[in-house]
Structure formats: C-alpha cells, structure tokens
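*Asks:* Okay, handing you the structure first.
Protein chains: 4
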Amino acid sequence: MARKLKSPAMADRGPTQRSRARYDSRREEVLVAATRVFADKGYDATTIDDLIEATGLQRGGLYHYMANKAELLAEIHHRLMKPLLAEVEQIDVEPHDSPTAVRLVGHALAHSLRDYNDEMIVFLHEWRTIRNNPEWEEIRQMRRDLEHVIERILRRGVADGSFEIADVRLAVLGLLGMFNHAHQWFRPDGRMSAEELADNFADIFLAGVTRR
Amino acid sequence: MARKLKSPAMADRGPTQRSRARYDSRREEVLVAATRVFADKGYDATTIDDLIEATGLQRGGLYHYMANKAELLAEIHHRLMKPLLAEVEQIDVEPHDSPTAVRLVGHALAHSLRDYNDEMIVFLHEWRTIRNNPEWEEIRQMRRDLEHVIERILRRGVADGSFEIADVRLAVLGLLGMFNHAHQWFRPDGRMSAEELADNFADIFLAGVTRR
Amino acid sequence: MARKLKSPAMADRGPTQRSRARYDSRREEVLVAATRVFADKGYDATTIDDLIEATGLQRGGLYHYMANKAELLAEIHHRLMKPLLAEVEQIDVEPHDSPTAVRLVGHALAHSLRDYNDEMIVFLHEWRTIRNNPEWEEIRQMRRDLEHVIERILRRGVADGSFEIADVRLAVLGLLGMFNHAHQWFRPDGRMSAEELADNFADIFLAGVTRR
Amino acid sequence: MARKLKSPAMADRGPTQRSRARYDSRREEVLVAATRVFADKGYDATTIDDLIEATGLQRGGLYHYMANKAELLAEIHHRLMKPLLAEVEQIDVEPHDSPTAVRLVGHALAHSLRDYNDEMIVFLHEWRTIRNNPEWEEIRQMRRDLEHVIERILRRGVADGSFEIADVRLAVLGLLGMFNHAHQWFRPDGRMSAEELADNFADIFLAGVTRR
DNA sequence: TATGAATGAGCCTTCATTCAT
DNA sequence: CATGAATGAAGGCTCATTCAT
Numbered sequence: 042m043a044r045k046l047k048s049p050a051m052a053d054r055g056p057t058q059r060s061r062a063r064y065d066s067r068r069e070e071v072l073v074a075a076t077r078v079f080a081d082k083g084y085d086a087t088t089i090d091d092l093i094e095a096t097g098l099q100r101g102g103l104y105h106y107m108a109n110k111a112e113l114l115a116e117i118h119h120r121l122m123k124p125l126l127a128e129v130e131q132i133d134v135e136p137h138d139s140p141t142a143v144r145l146v147g148h149a150l151a152h153s154l155r156d157y158n159d160e161m162i163v164f165l166h167e168w169r170t171i172r173n174n175p176e177w178e179e180i181r182q183m184r185r186d187l188e189h190v191i192e193r194i195l196r197r198g199v200a201d202g203s204f205e206i207a208d209v210r211l212a213v214l215g216l217l218g219m220f221n222h223a224h225q226w227f228r229p230d231g232r233m234s235a236e237e238l239a240d241n242f243a244d245i246f247l248a249g250v251t252r253r
Numbered sequence: 042m043a044r045k046l047k048s049p050a051m052a053d054r055g056p057t058q059r060s061r062a063r064y065d066s067r068r069e070e071v072l073v074a075a076t077r078v079f080a081d082k083g084y085d086a087t088t089i090d091d092l093i094e095a096t097g098l099q100r101g102g103l104y105h106y107m108a109n110k111a112e113l114l115a116e117i118h119h120r121l122m123k124p125l126l127a128e129v130e131q132i133d134v135e136p137h138d139s140p141t142a143v144r145l146v147g148h149a150l151a152h153s154l155r156d157y158n159d160e161m162i163v164f165l166h167e168w169r170t171i172r173n174n175p176e177w178e179e180i181r182q183m184r185r186d187l188e189h190v191i192e193r194i195l196r197r198g199v200a201d202g203s204f205e206i207a208d209v210r211l212a213v214l215g216l217l218g219m220f221n222h223a224h225q226w227f228r229p230d231g232r233m234s235a236e237e238l239a240d241n242f243a244d245i246f247l248a249g250v251t252r253r
Numbered sequence: 042m043a044r045k046l047k048s049p050a051m052a053d054r055g056p057t058q059r060s061r062a063r064y065d066s067r068r069e070e071v072l073v074a075a076t077r078v079f080a081d082k083g084y085d086a087t088t089i090d091d092l093i094e095a096t097g098l099q100r101g102g103l104y105h106y107m108a109n110k111a112e113l114l115a116e117i118h119h120r121l122m123k124p125l126l127a128e129v130e131q132i133d134v135e136p137h138d139s140p141t142a143v144r145l146v147g148h149a150l151a152h153s154l155r156d157y158n159d160e161m162i163v164f165l166h167e168w169r170t171i172r173n174n175p176e177w178e179e180i181r182q183m184r185r186d187l188e189h190v191i192e193r194i195l196r197r198g199v200a201d202g203s204f205e206i207a208d209v210r211l212a213v214l215g216l217l218g219m220f221n222h223a224h225q226w227f228r229p230d231g232r233m234s235a236e237e238l239a240d241n242f243a244d245i246f247l248a249g250v251t252r253r
Numbered sequence: 042m043a044r045k046l047k048s049p050a051m052a053d054r055g056p057t058q059r060s061r062a063r064y065d066s067r068r069e070e071v072l073v074a075a076t077r078v079f080a081d082k083g084y085d086a087t088t089i090d091d092l093i094e095a096t097g098l099q100r101g102g103l104y105h106y107m108a109n110k111a112e113l114l115a116e117i118h119h120r121l122m123k124p125l126l127a128e129v130e131q132i133d134v135e136p137h138d139s140p141t142a143v144r145l146v147g148h149a150l151a152h153s154l155r156d157y158n159d160e161m162i163v164f165l166h167e168w169r170t171i172r173n174n175p176e177w178e179e180i181r182q183m184r185r186d187l188e189h190v191i192e193r194i195l196r197r198g199v200a201d202g203s204f205e206i207a208d209v210r211l212a213v214l215g216l217l218g219m220f221n222h223a224h225q226w227f228r229p230d231g232r233m234s235a236e237e238l239a240d241n242f243a244d245i246f247l248a249g250v251t252r253r
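Chains as they are written, first to last, in the numbering used here: chain A, 42 to 253; chain B, 42 to 253; chain C, 42 to 253; chain D, 42 to 253.
Below, the structure is given as structure tokens:
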C-alpha cells in the first residue's frame with residue numbers, strides 16, 4: 042500500500058545521505074544525554090521532561106528519535122554489551138593460556154568501564170528494572186552470554202590444570218563483581234588507568250584461583 | 042478551508058497546464074486513498090501517518106494536497122452529495138407522477154451506493170463527527186437539502202392523492218434508512234445490481250405509502 | 042501474601058453489604074453516564090474529561106469505578122447483548138412455528154431498542170472500533186452468536202417449508218439491519234411502541250421470506 | 042517525619058500498654074514487609090498497593106502505621122545503620138591494634154549483611170534515591186559517619202606504621218565496596234558464614250594495605 | 001513541490017495521599 | 001483504629017500541523 046503515488050523517478054532515493062547522517066548524529070546525542078541522566082537519577086526516576094531538558098528538544102521532537110523511554114534503556118545496554126561481548130568472545134577463541142585469557146577479560150571489562158562509564162552505571166543500577174520486565178529478555182540474554190563466556194574460560198583453566206576453583210559460577214560473579222563495583226569510584230580521567238585497574242584486579246583474582 | 046481547489050480562472054497564471062493537471066490528479070489520488078482509509082478505520086481513528094502510508098507521499102508532501110484532515114472529510118462529502126443532490130433535484134423539477142418520482146429517487150440513491158461506495162460509508166459513519174462540529178455546517182446543510190427535496194416529493198404525492206402518509210418526516214427517514222443501511226452489505230460488484238436494489242426497495246416503500 | 046496481618050476475628054468480613062451496594066450503584070451511574078456520552082459523541086471522541094464532567098467525579102475517582110475507558114465499552118456491550126442473546130436463545134429452544142419464532146425475535150430486538158437505547162446506539166456506531174481491536178474478541182463473539190441463533194431459526198423455517206430464502210446469511214443481516222437502523226429514529230417514549238415496531242418489521246420481513 | 046514512633050514517655054497516657062504493644066508489633070510487620078518489597082522491586086517501583094498486598098492491611102489501615110512511603114525508607118535505613126554504626130564506633134574507641142580493628146570492622150559489616158540482608162539491599166540500591174532528595178540528609182549523614190569512622194581507623198593504622206595507604210578515602214570505599222557487593226551473592230543461610238566472609242575479605246584487604 | 005525535523009496541545013493512566021464515615 | 005472513596009498532580013505517549021531547508 043505504501044509509496045503508491047511516488048513517481049518511479051524517485052522511488053529508489055529514500056532519505057538522503059546527508060539527512061540520514063544528521064538524524065543519526067542527533068539520535069546519538071539523545072542517547073548520550075539520556076544515558077547521562079539515567080546514570081544520575083535512575084531510569085524510573087527520570088521523566089520525559091528530564092530528557093527534554095537534557096536534550097534541548099521538545100516533547101514531540103524527542104519522540105522523533107525514540108519510540109519510547111524503554112527503547113533508550115535497551116539501546117544503552119546494547120551499546121555497552123555488544124563491544125564487550127565481542128571482545129570477550131574473541132579472547133575465548135584465541136589460543137591464550139588460561140591466566141592470560143583471564144587477564145585479557147579483565148582488560149576488556151576495564152575498557153568498558155573506561156569507554157562506557159555511564160552505560161556501565163546504568164547497566165549495574167537498572168538490573169532489577171530489567172530483570173522484572175519481560176520486554177527485556179534480550180538484554181538479560183546478553184548478560185547471560187557474557188557470564189557464560191567467562192565461565193567457559195575459567196572452566197578451561199580448571200581443565201588444563203591452571204586453576205583450582207570450588208564453584209566456578211561464583212568465581213564468575215566474583216570477577217564481574219570486582220569490576221562492576223569499580224564503577225563507583227573509577228573515573229576514565231582519574232589517577233588510575235583502565236589498564237592498571239585491569240592488571241591489579243587480574244592479579245588479585247588470579248592469586249585467588251591459581252592452582253598451588 | 043484554506044487551499045481550496047484552485048479555480049479554473051487561476052490556471053493560466055503561474056503553474057503550467059501540465060503541472061496543474063498533475064497536481065489535480067495527485068490530489069484525486071490522495072482523496073481516493075483517504076476515503077478508503079476513512080471508510081475502513083473511521084475518520085478519528087485515521088492518523089496522518091495512515092494517510093502517508095496509504096498515499097505513499099511523505100508528511101510534507103501530503104500537506105501540499107490538503108489543508109488539513111478535516112478538509113478531506115468535507116471534500117469526500119461534497120463528492121458524494123453534489124451529484125446525488127443534483128440528480129434528486131432534477132427529478133423534483135421534472136413532471137413525473139409521484140410513484141415514478143419516488144422510484145427515480147431510489148435509483149439515484151442506489152447509484153450513489155454503487156458509484157460512491159466508500160464515500161457513502163464515510164458519510165454514514167461520520168455523521169456524528171460532522172454533527173458535533175460547527176465547522177461542518179455546510180455539509181449538514183447538504184444533508185438537510187436532500188431530505189427536504191425528498192420530503193417535497195412525498196408531500197406532493199400526498200397532495201395529489203397518490204400517497205397516504207401519517208408522518209412524512211418519518212417516511213423520509215425510513216426511505217433514506219433503507220438505502221443507507223444497504224451500504225453494509227451492498228457491493229458494487231456483487232450479485233445484485235444497483236437497479237435491482239432500487240426497484241426492490243422502491244416496491245417495498247411504495248407498497249407501504251400508496252393510498253389504498 | 043495478601044491479608045497477612047488481618048486479625049482472625051475480621052478475616053471473613055470483607056467489604057460490608059452497605060459499602061458494596063453503594064459501590065455498585067455508583068458504578069452503575071458511571072456506566073449509564075458513559076453510555077450516554079459514548080452514544081452522543083462516540084467512543085473515540087469521548088475523553089476522560091468528558092466522562093469526568095458527565096459523572097461529576099474527579100479523575101482519580103472515576104478510575105475507582107473502571108479499569109480504563111475500554112472496559113466501559115466492553116461492559117456496555119455486555120449489558121446490551123446478554124439479555125438479548127438470552128431472550129433469542131430461549132426462543133430458539135421453544136417449540137414455536139417458524140413465523141412466530143421470527144416475530145418473537147423481532148420483539149426481542151425491539152425490546153433491546155427500547156430498554157437499551159443508548160447501548161444500542163453505541164453498539165451500532167462502535168462496531169468498527171470493536172472490529173479492529175483484538176482486545177474485544179469476546180464482544181465480536183457475542184455478536185456472532187446472535188447472528189448464528191437467528192440464522193438457525195431461519196434455516197429451520199426453510200427446512201420445514203415455511204420460508205424460501207436464497208441467501209440465509211444475507212437475510213439475517215437484513216433482519217438485523219431493519220432493527221438496527223431503527224435506532225436512528227425510534228425513541229422509547231415516542232409515538233410508536235416497541236411492540237408495534239416489532240410487528241411492523243416482522244410483517245415486512247415475513248412477507249419477503251414466506252414461501253408462496 | 043510526622044507520626045514518629047511514639048516515645049516511651051507517652052505510653053502511660055491514652056492507649057493501654059496492650060494496645061500500644063499491638064501497634065508496635067504491627068508496625069514492625071509493616072516495616073519488614075516493606076523492606077522485603079523494596080528490596081525486590083525497588084523503592085520507586087513499589088506502589089502503595091504493593092504494600093497493601095504485602096501487609097494484608099487496607100489503604101487506610103496502612104497509613105495508620107506510617108506517615109508516608111518515604112518514612113518507611115528512612116526507617117529501614119535507621120534499622121540498618123544504627124547498630125552498624127554503634128558497633129563500628131565501639132571498635133574505634135576500644136584499644137585494638139590497627140589490623141585487628143580493621144578485621145573487627147569487617148565482622149561488623151558482615152553481621153549487617155547477615156542480620157539485615159534486605160535492608161542492605163535497599164540501602165545499596167536506593168542510594169541514588171536518597172542522594173538526590175534533600176529530605177534524607179539525616180541518612181546521608183549516617184553513611185558519612187560510617188565512612189569517617191572507618192577512615193579514622195585506617196589513618197590511625199597509617200600513623201602507627203601498620204598500614205601504607207596512598208589514598209585513604211579510596212581505601213575506605215574499597216573496603217566498603219567489597220562487602221557491599223557481596224550482598225549480591227551472600228545469603229545468611231548459605232554455604233559461607235558471615236564470619237568466614239569477614240575473615241576472607243579482611244585478609245585480602247589487609248594484604249593490600251599492610252606496610253611491607 | 002518535497003522533505004522530515006520539530007512543535008506543543010492534549011490524551012489516557014497511575015499513584016501517593018487525604019478524609020468523611 | 002479501620003475503611004475505601006475521592007483527590008489531583010504528574011507521567012508517558014500521540015498526533016495534527018508547521019516550517020526551515
């Protein structure tokens with residue numbers, strides 16, 4: 042039914058490159074602003090009016106760049122999890138020895154903390170929001186995927202004799218927990234670099250799991 | 042009411058004949074598409090985005106062919122009522138005997154049903170929309186005009202002794218009602234032709250009002 | 042989880058008879074008022090503020106008596122269709138000859154028109170609203186049920202040789218259509234009684250379908 | 042802040058001892074139920090209806106045991122922080138050597154985790170809610186007090202040559218962070234006792250700050 | 001003409017809280 | 001103390017229309 046009247050001459054044009062690019066960059070701004078506000082006030086406590094103020098758009102204009110508030114939260118999680126998951130899965134398939142793999146995972150987590158600091162804050166704070174809402178199964182799945190990859194790496198370390206771990210699931214949560222909690226004090230532009238953070242935490246964790 | 046169809050008088054200035062023709066044919070397409078959607082979903086429930094989808098135009102483009110949504114509804118009613126009213130008024134001034142005049146009115150109504158099926162559906166469904174909005178007085182007037190012509194024909198039949206009708210107003214509503222309701226099942230390409238429909242209903246109606 | 046703290050002594054009380062009755066009567070008022078407004082302006086065109094004005098309640102108070110606007114529409118249809126369906130189904134199972142059964146169905150329809158005039162108006166106007174919304178399948182089903190019972194009665198008349206009908210489905214729609222359309226002019230307190238209406242329409246319909 | 046727990050001094054006037062006791066025990070139940078719900082769904086996402094369901098009270102009844110929702114949150118924090126703060130301040134004034142003091146602080150934190158698990162969850166999740174609302178300055182102060190006591194203990198350890206800490210503030214946050222994060226997996230009735238948890242974390246922390 | 005970003009009024013609904021009984 | 005009807009502010013979202021490009 043669509044595009045019935047459009048003349049053949051223009052049928053294949055669609056939005057111009059330029060307008061498309063402007064839309065995308067504006068959407069990016071909206072997303073960044075929303076992430077900031079969500080990180081600061083929390084998703085539920087953030088009103089559309091807060092987003093209006095943060096973006097400088099008006100009500101309708103804002104909705105030009107998002108379907109609804111929930112979509113923003115989902116997108117924020119994708120922005121955080123996709124690169125992280127990719128990096129960790131890459132580590133999983135490369136031929137590292139187990140301690141090195143764990144260390145690299147630490148670096149990947151630290152990179153997220155550095156490059157997606159606000160997203161990380163949102164991710165960690167809104168877990169309950171996401172957990173309690175059927176609509177966000179996809180995000181829950183990404184989180185599970187991350188845990189599974191790390192679990193696989195640890196199990197390989199156990200299998201090859203590098204590690205000695207009583208409860209691998211718990212170790213995964215512990216490793217993630219160390220980094221997750223760091224979001225409360227780590228600042229991308231602070232004294233400690235992401236690499237230092239990663240190495241310090243990797244040292245601690247490896248000291249705890251390495252077979253003696 | 043802005044942006045009425047440009048009057049022919051303006052055609053020789055500004056836009057070329059060709060571009061003028063293209064504009065009109067596009068406008069026609071918009072109107073037909075809108076009528077279809079209004080008939081299907083109702084005027085209020087139809088959004089501009091529905092019209093965008095139905096016409097294949099874009100938001101701004103669509104507004105080149107209409108001043109606003111309300112104008113479309115008005116125009117749809119004009120398209121239906123003008124020929125019908127003309128036909129019925131013609132019958133009124135011609136020297137038919139009363140039963141024949143009624144029969145011809147029936148045919149006129151059936152023709153509307155056949156030739157302006159979607160418009161008829163819109164007309165019947167949106168009556169309340171039109172009734173409650175001051176802006177549509179013009180349309181209400183056309184409807185009243187139609188009723189008045191028919192009423193005049195019936196009264197003449199009473200006066201000349203052909204008919205015996207207790208409440209002429211009610212009889213008008215009854216006659217219109219029979220045809221109006223037929224829009225729910227009559228299809229221009231269905232089993233029953235418009236002429237058959239007209240004759241059947243005329244038979245029933247005349248049987249009811251003819252002086253015994 | 043509920044009622045954990047409630048002392049045993051009061052566990053079986055629940056709302057008092059009195060308060061329950063007041064709630065119900067207030068809800069009834071809301072429903073009647075809403076039906077009136079829906080009948081007048083249409084469901085979609087009726088805003089919550091219209092209902093507030095019609096009921097004399099305030100926003101929150103109104104929502105005390107309804108889950109949402111849609112629920113009202115559903116309830117209105119139940120109020121109309123349940124007694125009608127019951128009456129027609131009763132006719133179907135009683136041992137009437139076919140013409141009598143049809144006449145009784147006409148009376149049942151006329152009773153609805155008389156006793157549930159506003160509900161009837163809403164029912165007839167909002168059919169499209171209901172048709173297009175998955176949430177109202179239950180109502181669509183009631184309508185289908187009604188049509189089926191009438192269809193069954195007509196088919197029995199054909200089978201027993203009383204009627205001669207080319208297209209029974211169409212005849213059902215025609216019978217319903219006659220009565221449905223009458224809502225446009227029939228008034229419970231008008232010149233014509235519901236019984237007269239029923240008999241007149243039954244006469245017309247039976248004249249059309251009786252085997253000659 | 043209205044309707045605080047009535048002070049004991051008022052107990053002898055008006056309500057009997059018995060009714061007073063019943064009131065307090067009900068209030069206790071309300072608090073426990075609310076804490077559970079807040080921990081599960083979050084403070085903002087918890088509605089009064091959730092509390093009604095969780096307590097088994099009715100709307101009006103519930104409000105007899107609380108001034109408003111915010112008061113519950115404040116009270117929950119008092120229940121958690123008062124004993125913890127008392128325990129830690131006690132440690133501070135007792136003549137322990139610095140590593141022992143730290144270890145005892147760890148045990149105090151672990152006890153909170155064990156005895157006030159839900160309160161802890163609420164405390165950690167709702168920090169932002171509390172931070173952004175002027176009304177909760179008192180709670181923010183308690184948290185600051187806790188940090189200050191721990192900071193004092195650590196600084197004493199630095200002063201007496203036991204510890205070598207570059208950034209004492211950060212060390213405080215680190216120590217609290219370890220325990221705080223544990224609420225995500227620690228269960229009062231789980232494999233690991235609170236004492237074991239405390240000792241493990243104390244070992245790790247002390248290993249990190251002890252002067253070599 | 002055409003585009004689509006932007007506007008802002010207005011809609012339905014939720015919810016903490018109050019208060020007459 | 002208890003009830004539950006009522007309040008009304010505020011929230012998320014829709015949508016017809018405008019306008020700079």
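Even for Gly, the Cβ is constructed at its ideal location relative to N, Cα and C.
Closer than 7 Å between beta carbons: that is the criterion. Which residues of the segment 226 to 244 of chain D meet it against chain A?
*Replies:* Listed by position along the chain: W226.
*Asks:* Quick one: complete alpha helix (DSSP H) runs, 4+ long, within the segment 158 to 245 of chain A?
*Replies:* Counting only runs of 4 or more, we get 158 to 166, 168 to 172, 178 to 200, 209 to 223.
*Asks:* Going by beta carbon distance, what residues of the same chain come within less than 7 Å of D133(D), once the five residues before and after it are set aside?
*Replies:* Your numbering for residue 133(D) matches position 92 in the fourth sequence. Cβ neighbours of D133(D) beyond the five flanking positions: V190, R193, I194.
*Asks:* Determine the chain B residues that contact K82(C) at a beta-carbon separation under 8 Å, and present them in chain order.
*Replies:* Numbered from its first residue, the third sequence carries residue 82(C) at position 41. What K82(C) touches in chain B: R169, N173.
*Asks:* Using a C-beta to C-beta distance shorter than 9 Å, which residues of chain C count as neighbours of N221(B)?
*Replies:* As a working mapping, residue 221(B) is identified with position 180 in the second sequence. Simply H222, Q225.
*Asks:* Just to confirm before moving on: does the CB-CB distance between T170(D) and D85(D) stay below 8 Å?
*Replies:* In the fourth sequence, the residue the question calls residue 170(D) occupies position 129. In the fourth sequence, the residue the question calls residue 85(D) occupies position 44. Yes, these two residues count as a Cβ contact at 8 Å.
*Asks:* Buried or exposed for R155(D), please, with buried defined as at least 16 other CB atoms from any protein chain shown within 10 angstroms of its CB.
*Replies:* Indexing the fourth sequence from 1 puts residue 155(D) at position 114. Classification for R155(D): buried.
*Asks:* Within the chosen definition, does the segment 100 to 119 of chain A reach the segment 70 to 81 of chain A through at least 3 CB pairs nearer than 8 Å?
*Replies:* Taking 8 Å as the limit for Cβ pairs, the verdict is that the segment 70 to 81 of chain A does touch the segment 100 to 119 of chain A.
*Asks:* Return helix, strand or coil for T88(D), following the three-state DSSP convention.
*Replies:* Looking up residue 88(D) in the fourth sequence gives position 47. Three-state result, T88(D): coil.
*Asks:* Could you confirm whether any beta carbon from chain C is found closer than 8 Å to the beta carbon of D90(B)?
*Replies:* What you label residue 90(B) is simply residue 49 of the second sequence in a count that begins at 1. Not an interface residue.
*Asks:* Looking only at DSSP bridge pairs, what is T251(A) linked to?
*Replies:* Sequence index remark: in the first sequence, residue 251(A) carries index 210 (1-based). Per DSSP, F204(A).
*Asks:* Measuring CA to CA, which of I180(C), T57(C), E160(C) is closest to T76(C)?
*Replies:* Mapped onto the third sequence, residue 76(C) falls at position 35. Considering only alpha carbons, the answer is E160(C).
*Asks:* What residues in the segment 85 to 109 of chain D have a beta carbon less than 7 Å from any beta carbon of chain A?
*Replies:* Answer in chain order: D85, A86.
*Asks:* For P124(D), which three-state DSSP category applies?
*Replies:* Within the fourth sequence, the letter at position 83 stands for residue 124(D). Reduced to three states, the DSSP call for P124(D) is helix.
*Asks:* Rounded to whole angstroms, what is the Cα-Cα separation between G215(D) and D91(A)?
*Replies:* As a working mapping, residue 215(D) is identified with position 174 in the fourth sequence. As a working mapping, residue 91(A) is identified with position 50 in the first sequence. Distance between the alpha carbons of G215(D) and D91(A): 32 Å.
*Asks:* Using a beta-carbon distance below 8 Å, is L211(B) in contact with chain C?
*Replies:* Translated into the one-based positions of the second sequence, residue 211(B) becomes position 170. Yes, contact with chain C.
*Asks:* Could you pull the start and end residues of the alpha helix (DSSP H) that T141(B) belongs to?
*Replies:* Numbered from its first residue, the second sequence carries residue 141(B) at position 100. Segment 139 to 156, the alpha helix (DSSP H) holding T141(B).
*Asks:* Could you work out which residue in Y106(C), A127(C), G102(C), R61(C) is closest to R68(C) when comparing CA atoms only?
*Replies:* Translated into the one-based positions of the third sequence, residue 68(C) becomes position 27. That would be Y106(C), whose Cα lies nearest to the Cα of R68(C).
*Asks:* Is the shortest distance between the beta-carbon of L187(D) and the beta-carbons of chain A less than 8 Å?
*Replies:* Here residue 187(D) refers to the residue found at position 146 of the fourth sequence. Not an interface residue.
*Asks:* Just to confirm before moving on: does the CB-CB distance between A235(C) and H152(C) stay below 8 Å?
*Replies:* The residue given as residue 235(C) occupies position 194 in the third sequence. The residue given as residue 152(C) occupies position 111 in the third sequence. Yes, Cβ-Cβ distance for A235(C) and H152(C) is below 8 Å.
*Asks:* Taking the continuous alpha helix (DSSP H) assigned at G102(C), which residues delimit it?
*Replies:* Taking the first residue of the third sequence as position 1, residue 102(C) is located at position 61. G102(C) -> alpha helix (DSSP H) spans 100 to 105.
*Asks:* For R144(B) versus A243(B), is the C-beta distance shorter than 8 Å?
*Replies:* For the purposes of this step, residue 144(B) is taken as the residue at position 103 of the second sequence. For the purposes of this step, residue 243(B) is taken as the residue at position 202 of the second sequence. Result yes, Cβ atoms of R144(B) and A243(B) sit closer than 8 Å.
*Asks:* Quick one: give me the first and last residue of the alpha helix (DSSP H) that E69(A) is part of.
*Replies:* Position 28 of the first sequence, counting from 1, holds the residue named residue 69(A). 58 to 82 is the extent of the alpha helix (DSSP H) around E69(A).
*Asks:* Among E188(A), R228(A), E179(A), which one has its Cα closest to the Cα of E112(A)?
*Replies:* In the first sequence, residue 112(A) corresponds to position 71, counting from 1. The shortest C-alpha separation from E112(A) is found at E179(A).
*Asks:* Using beta-carbon positions only, say whether V146(C) and I206(C) come within less than 8 Å of one another.
*Replies:* The count along the third sequence starts at 1 and reaches residue 146(C) at position 105. The count along the third sequence starts at 1 and reaches residue 206(C) at position 165. No, these two residues do not count as a Cβ contact at 8 Å.
*Asks:* With the cut-off set at 8 Å, would you say Q225(D) and G101(A) are in Cβ contact?
*Replies:* As a first step, residue 225(D) must be located in the fourth sequence, where it is residue number 184. As a first step, residue 101(A) must be located in the first sequence, where it is residue number 60. Cβ distance not < 8 Å, so Q225(D) and G101(A) don't count as in contact.
*Asks:* Report the neighbours of L126(D) on chain A: residues whose CB is nearer than 8 Å to its CB, in chain order.
*Replies:* Translated into the one-based positions of the fourth sequence, residue 126(D) becomes position 85. The contacting residues do not exist; L126(D) stays about 21 Å from chain A at best.
*Asks:* Just the chain A side, please: which residues come within less than 9 Å of L150(D) by C-beta, in chain order?
*Replies:* Here residue 150(D) is taken as the residue at index 109 of the fourth sequence, counted from 1. What L150(D) touches in chain A: nothing, since even the nearest Cβ is about 14 Å away.
*Asks:* Would a check of beta-carbon distances place P49(A) closer than 8 Å to chain D?
*Replies:* Within the first sequence, numbered from 1, the residue matching residue 49(A) stands at position 8. Below a pLDDT of 50, predicted positions are generally treated as unreliable, and P49(A), at 42, falls in that range; the measurement from the model is reported next regardless. By this cut-off, P49(A) is not an interface position.
*Asks:* I'd like the list of long-range same chain contacts for L165(C), defined as Cβ closer than 8 Å, with 5 residues on each side in sequence excluded.
*Replies:* The sequence position of residue 165(C) within the third sequence is 124, counting from 1. If we look at L165(C) and ignore the five residues flanking it on each side, its Cβ neighbours are N221, H224.
*Asks:* Are any of the Cβ atoms in chain B nearer than 8 Å to that of L214(C)?
*Replies:* Taking the third sequence and counting its residues from 1, the one referred to as residue 214(C) is at position 173. Output row for L214(C): interface = yes.
*Asks:* Do you know how far the Cα of Q99(A) is from the Cα of K45(B)?
*Replies:* The count along the second sequence starts at 1 and reaches residue 45(B) at position 4. The count along the first sequence starts at 1 and reaches residue 99(A) at position 58. Because K45(B) sits at a pLDDT of 39, beneath the cut-off of 50, its placement in the model cannot be relied upon, and the following sentence gives the value as read from the coordinates. When rounded, the distance between both Cα atoms is 32 Å.
*Asks:* For a contact meaning CB atoms closer than 7 Å, what does G218(D) contact in chain A?
*Replies:* Residue 218(D) sits at position 177 when you count from the first residue of the fourth sequence. H222, Q225, listed in chain order.
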